[in-house]
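Undergrad:
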Amino acid sequence: MYPTLSVVTLAIGLVITAFFYICVLKISSCWMFIEAFGPTLYVYYEATSSRKNRSLGKELATAAVASVFLGFGSLFLLLASGVYV
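Per UniProt numbering, residue 1 is the first one in the sequence shown, and the count goes up by one each step.
#1: Is it true that the CB of Leu5 sits closer than 8 Å to the CB of Phe76?
#2: Nearest to Val15 by alpha carbon, out of Gly73, Pro3 and Met1?
#3: Just the C-alpha distance for Ser55 and Ile12, rounded to the nearest angstrom, thanks.
#4: On the CB-based measure, 16 or more other CB atoms within 10 Å of its CB, does Ala64 come out buried or exposed?
#5: DSSP three-state call for Gly82: helix, strand or coil?
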C-alpha cells in the first residue's frame, strides 16, 4: 500500500509544481526546458511581470498544496523502503 501511495502523492505534487511553472508563469515550453531551468524562469517571472499580473495568494496556495503532497509522498516512500518514521 505504501508504494502506491508514494507514487500517487509524489506524482500529484510534481504535477501541481509543474502547473505552478506553466500556468502561473504563462510559459509554453517543452518539459525538459522547464525542468532544467525552473528556478531561472521563476526569477525571470518575478523580474518581468507587473504587479497586476502577480498574485501572492495564488502562488502561496499552489506552493502549499504541492508541498503537502510532496511531503506525504516522501513519507510514504520512506515507509515503503523500510525506514519507519
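Beta carbons are placed, not taken as given, at the ideal position from N, Cα and C, and that holds for glycine. Because the structure is a prediction, the values reported are computed rather than measured.
TA: Checking against the coordinates, here is how it stands:
#1: The answer is yes: Cβ separation under 8 Å.
#2: Selected option, being the one with the closest Cα: Gly73.
#3: For Ser55 and Ile12, the gap between their C-alpha atoms comes out near 22 Å.
#4: Of the other Cβ atoms in all chains shown, fewer than 16 fall within 10 Å of the Cβ of Ala64; this residue is therefore exposed.
#5: Per DSSP, reduced to three states, the secondary structure at Gly82 is coil, with no helix or strand assignment.
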